[in-house]
Amino acid sequence: MNGTEARLARIRGRALAKTHNARTIAALASNPGCARRAVMDAAGVDKPRIAAYAGFPAPFGQSRFALARGNAFEAQVKANGAAELLTLLREHLGLPIPQAHYDDLGEVGGNPSLDLRHARTKALLARAAASRGDAGTMFDHPLLRLQVGGRYAFLEPDLIAFQLHGRFHVVEIKSFAVIDGQADGDKVAAAAIQSAVYVLALRDALAEQHIPAEAVSHETILVCPKDFSSRPAAAAIDVRKQLTVLRRQLSRIARIDDLLDLLPAGLTFDLDPDGEGVPRRSPADLAAAIRQVDAAYVPECLSTCEMCYFCREEARGCTAALGRAAREELGGVEHVATVLRLAGAAGTPGAPGGTVASGTAGTPDAPDLAEAAELLRRAARLRAEALHTDAPRAGTPGREAG
Amino acid sequence: MSTLTSLARAVAVAAGTAQRTCTVRHVHVGARPLVFVPLALAGEAGAPLAAMAGADPQAPTLLVVAEPRDRDQRFAFAADLAAVVLRYVEGYLAAEEDTPGREQATRYADAPQLLVPNPAGIAFTRLLGRSTRFRRTEGPYAVPASVPLLGRWLTFFAERAESPASSLMLAATDMLAAHWATGQSPVEDLNLGALLGWIDPPPGMSGAQAAAMAEDPVRCPPAGPATDPTFDNEVLDQRMLAVRTARLAGDGRAYERARAALAEALATQLRPTWALMWRAVALLRGLPGGEHVRARWDADKDAFTWHARHVAAGGPPQPRRDGAVAAARRLAGLERVQEMVAAQRAFDDPLVMAEHRLAGEAFAGTVTAAEPDRVDRGGPRAVLRPRITVETGDEPRADRGATFTSPARPGQQARIVAVTAAGGRTRIVLELRGGMGRSLTPQPGSVPAVGESVSYAAFGDGYQPAPAFPAPEDTPWTHGGPPAPYVPSDEEAREDWS
Amino acid sequence: MLPSVSVTKSVETLERRIVALRAAVREAVLAGDRERASTLRRDLRAAERAWDDALAAAEAKAAAEAGAAAEAGAGAEAGAGAGHADAAADADAVHAAATAAAPAPQAAARGRGSLLPLREQVHEALSLLTVPAAPRLIATVHEAFFGGAFPSARLTSLKRDEERSFRAAPLARPYYICAALTADLLAPARGLLAISTWPMERRVIGSLSPRVDFLTAAIRVAEAVERLPAPVPAARRLLWRFAASIPGAADGAASMQPHEITEAALAELAVHQAADRAARQAAARRAREQLGDAEQLFGTRIGLAAGHRAGARRPAPRRRGR
């Protein structure tokens, strides 16, 4: 275990490292500036557990109905040697008839060893790549690996990689519907970035066998129910952009040392469990430790990260909590209290209530704040004028009644 | 958002309650809107689970699908919903009013209005309309006639909701967030309970505290259509299993009991949102309406009239996809409408106009000099061209020759003649034309007088002509050629509902 | 609805308890406290069962009382409850009787299928298909051609039970429901069932075998549909599921013809058959050479050297149903 690994292990504490999956890796791309998240993910911290123990349980849950539907659709598409998927691939992508192989790379004969499965996956994929269509078409439950922050994350996607004209395409099966050729944009975007994660992992698996990255196409296949039925439809997605973002993100995580250097040496999120596994550390103490690592909270965290409620509470009184654009619109000022001070007494009712983080009280305003102050003063003045003015305009005989 | 709105949010944080971003209401709120709160089954496209609907806050209709995977029960739900919605819409088909100078001589005197909790509710309505409007009333997959009719009306409402000028269908979160700034982010404003918590917190509680309570899905069920996963997993799953078990066992009494228990469980998820919806309506009714709201509602009445007559005359349902020309036209149309509505909101509302003043697109000040009788004899005819000088503290981007309009005199154009700085303030000379009568003497009051407070914007509220698009039959081949006329197909009637 | 005050009270109390427990379970889940959630869930189930029982008892009581009141003659006010309550009980009894007839009771048993043990139902379906198949397909085939309820939930343990039975007494039964083996590792193929009396070649799965077996099954189902004396919707639906995934088999569910589907399936089979047969024959040979009887039926466990297990090797191959 090298130095970085040791430091990360110390931060994680005695808990088992949380394994990544494509969803969590994809989420890494969403808030690149957050050190707290970067450190926790690199160390494999169980974020939901930590958040809950610190008093801010995450708002994410999954409905049994959605899970059941997703599983049922996937099972249906993959049934009988993936007959329905094969039909889609033939119809939409011109897969030649002889290419109808189906290999299940799932659990091998009762042995759950992930290394074994991964080895078998690599072997079969390599053989398929070498044979150009004779030895493999569709690969179900392949076990791939991606290096994230010095640790390997095993990825077991519900994807099937297949080969067309010597190139592999990642296939993602999702149960949200495509209606009249259109689907929910956010869901498609999420599927695209997850597919990109698999592309990277598949390229890595083949690279170990000296097979070039181009062997894995940047075009992935998304399979969804069509309209209101359970019949599947396929669409191709170009994930080059997502690949670029992901590679950048993963390289940042690889340089986690830079972040770790800023942290106090003894920092840990360990819960100090007793013999029965009951945590002994006080939640307040844990919260203090969490705060040692800077977060970059934005409201979008509420849909992507389990620490969101904790960080949101911490960010109360910051303009960033009001929206991504809010801080910029307020002249780049960081704290609400500062905004209100710069805006002047005009337009700010002196009512009590609400916690506001302390601003830069007592220090003279920096030159860059002067411009913000000017903007905010003007804004406050205009607002006050508009709110207290009487009729905004005089009525005239020339105007027709509205 | 803009600086003023963000500032209002900052103020809200300190004050502990939401701050107004408008002095008037910019949407129409009908005397009798139909509130529709749908719940969808997780994991399916627009699969209805339950709904509460009605125009009377004291008497909601509760609709429940006991077994959402059962096709027949889904369509029974649609038929029940149709009974509520169609009866409501029909109430507006009685009274008509004259519309002189328009294409159609009369239109309906008022139009229905559909209110849902949030944008996801609008999307759900659109999906429900899409899944029902192509159904057939005879043949192997027959549904009651009210179902495709419901589908066409729901699609109509959902399509109108796309236009910023329309109030035929509105999401409560959109309506409220357009008029108030909370101390949280726009993302959190999508939670109707949290939004109302900021705008109208219970006594003794701050906006933030009320919003936090609203985020607890056990205390405050989500407004839907998505249900809370813990509700699905701990309550709904069991209730539906009981229904299924009773049905399979052939036990009629147990089936009724199970069905009633399921309905009650779903009602617990709907009633709180129902109450929130009517609170939202009351809050908006409390604001005075903006001047242009009535004209926009008139356009809505036109659209409603057109659609009702189209349906009654046996016209086809809305096609699945727009042809290329229709799509381009629709997009361009929405952009123009967006600009028009933005301008009208500014004209109606000094607080909205203030945003434009801050951005340099408008200014307000006092008239310091005026030549109301100035006549320009330079051209072929003598024309009345009064000039006024306005002194303002604003810093507008006003180039010489640019045309501005005043909300007080929207029919009048004001051309910038000169802009000079004067001791920290700006002095602008404007030349006016129009809106003063026919003669060379302006009608009284049509020219601003010295000492009058005025405001001018670099945009007008008027209608802009549509860009020229080819007729649909002339769609160029690059865009797929002319669209084929719509012929209802067996495929559509047969579409599985899962 | 409920005539007895005490029963009503207990039902109400239970209802309040259920509502409170539901909220508590959900809150525990939201707080991330799994143990507490489990405990509360157990209490909630118990309360729901008690509620159901109490309500059923109350309704039965109401029906009985209404029946007694009817027998005693309409309008009699003596006896339990006031006339008002009797009238209410009457109404309840009528209501209860009506709702008892409400949904058409689903026949619990229909046809001879449900009288057979599960293993025989599986044998029937697999014999029709003549190829290894997944539980879902087996259930659908059985429903389509053999009628009756098919307890598919019990299929998950069938293979395990059959293996235990075989190991305990290897020749006791004429056939066993067994596994299909993967060609490369001779491990049990996930999710597939086969019949032990089939030749080894049929019970090994190469990478083209799923497709080949799908096409073969389609032909068998098409033949079975043609043999039906009258059209069965479930069978036609099943046939369409096959036809929709075979090029050239059919244009639509309404117009499909079994013999056309067979032709299309044969056409594609011709493309794959040789390669598939070769792979299966090679794998079957290895299985017969390297595996003992039980492993030939139920597959080998990996981790003890792939495809090769010294201890289980039989000294001489026994004559068995290959």
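Chains as they are written, first to last, in my numbering: chain A, 15 to 416; chain B, 258 to 755; chain C, 497 to 818. All residues carry an ideal CB built from backbone N, CA and C; glycine is no exception.
Proximity winner among the options, relative to residue i (alpha-carbon distances)
| i | options | result |
| --- | --- | --- |
| residue 736 of chain C | C/524, C/718, C/726 and C/563 | C/718 |
| residue 689 of chain C | C/507, C/752 and C/655 | C/655 |
| residue 280 of chain B | B/357, B/433 and B/380 | B/433 |
| residue 495 of chain B | C/514, C/510 and C/506 | C/514 |
| residue 335 of chain B | B/486, B/390, B/492 and B/264 | B/390 |
| residue 638 of chain C | C/525, C/617 and C/756 | C/617 |
| residue 594 of chain B | B/569, B/423, B/572 and B/284 | B/423 |
Contacts around residue i, its chain only, beta-carbon distance under 6 Å, and the 5 residues preceding and following it disregarded
| i | result |
| --- | --- |
| residue 664 of chain B | 604 |
| residue 141 of chain A | 149 |
| residue 761 of chain C | 711, 714, 715 and 742 |
| residue 311 of chain B | 317 and 318 |
| residue 776 of chain C | 697, 700 and 702 |
Cβ of residue i within 8 Å of any chain A Cβ
| i | result |
| --- | --- |
| residue 403 of chain B | no |
| residue 768 of chain C | yes |
| residue 794 of chain C | no |
| residue 525 of chain C | yes |
| residue 647 of chain C | no |
| residue 704 of chain C | yes |
Chain C within 8 Å of residue i, Cβ atoms only
| i | result |
| --- | --- |
| residue 291 of chain A | no |
| residue 488 of chain B | yes |
| residue 27 of chain A | no |
| residue 111 of chain A | yes |
| residue 118 of chain A | yes |
| residue 501 of chain B | no |
Residue range of the unbroken alpha helix (DSSP H) whose run includes residue i
| i | result |
| --- | --- |
| residue 5 of chain A | Residue 5 of chain A falls outside the range modelled here, since chain A spans only 15 to 416, and no answer is possible. |
| residue 426 of chain B | Note, residue 426 of chain B: premise wrong, no alpha helix (DSSP H); beta strand (DSSP E) at 426 to 428. |
| residue 756 of chain B | Beyond the ends of chain B as shown, which are 258 and 755, falls residue 756 of chain B; an answer cannot be given. |
| residue 207 of chain A | 199 to 221 |
| residue 305 of chain B | Here residue 305 of chain B belongs to no alpha helix (DSSP H); instead the beta strand (DSSP E) covers 305 to 311. |
| residue 645 of chain B | Note, residue 645 of chain B: premise wrong, no alpha helix (DSSP H); beta strand (DSSP E) at 644 to 649. |
Nonlocal neighbours in the same chain, by C-beta distance under 7 Å from residue i, ignoring five residues either side
| i | result |
| --- | --- |
| residue 537 of chain C | 521 |
| residue 232 of chain A | 213, 252, 253, 254 and 257 |
| residue 281 of chain A | 25, 303 and 306 |
| residue 303 of chain B | 297, 381, 384, 385 and 388 |
Nearest-angstrom beta carbon gap, residue j and residue i [assumed within contact, 8 Å]
| i | j | result |
| --- | --- | --- |
| residue 189 of chain A | residue 83 of chain A | 5 Å |
| residue 349 of chain A | residue 332 of chain A | 6 Å |
| residue 734 of chain C | residue 636 of chain C | 5 Å |
| residue 277 of chain A | residue 306 of chain A | 6 Å |
| residue 591 of chain B | residue 419 of chain B | 7 Å |
| residue 527 of chain C | residue 66 of chain A | 6 Å |
Extent of the continuous beta strand (DSSP E) run through residue i
| i | result |
| --- | --- |
| residue 238 of chain A | 233 to 239 |
| residue 168 of chain A | 165 to 169 |
| residue 152 of chain A | 152 to 154 |
| residue 677 of chain B | 666 to 679 |
Nonlocal neighbours in the same chain, by C-beta distance under 8 Å from residue i, ignoring five residues either side
| i | result |
| --- | --- |
| residue 583 of chain C | The predicted position of residue 583 of chain C is uncertain, since its pLDDT is 41 and thus under 50; no value can be drawn from it. |
| residue 500 of chain B | 323, 324, 512, 515, 516 and 519 |
| residue 476 of chain B | 470 |
| residue 91 of chain A | 98, 99, 187, 237 and 246 |
CB contact check: residue i to chain B, cutoff 8 Å
| i | result |
| --- | --- |
| residue 522 of chain C | yes |
| residue 589 of chain C | Confidence in residue 589 of chain C is poor, its pLDDT being 39 and thus under 50, which makes the residue's placement unreliable; the coordinate value appears in the next sentence. Judged by the 8 Å Cβ criterion, residue 589 of chain C is not in contact with chain B. |
| residue 401 of chain A | yes |
| residue 791 of chain C | no |
| residue 507 of chain C | no |
Contact test: residue i Cβ vs the ligand SAH heavy atom, cutoff 7 Å
| i | result |
| --- | --- |
| residue 459 of chain B | The ligand SAH is absent from the structure shown, which contains no ligand whatsoever. |
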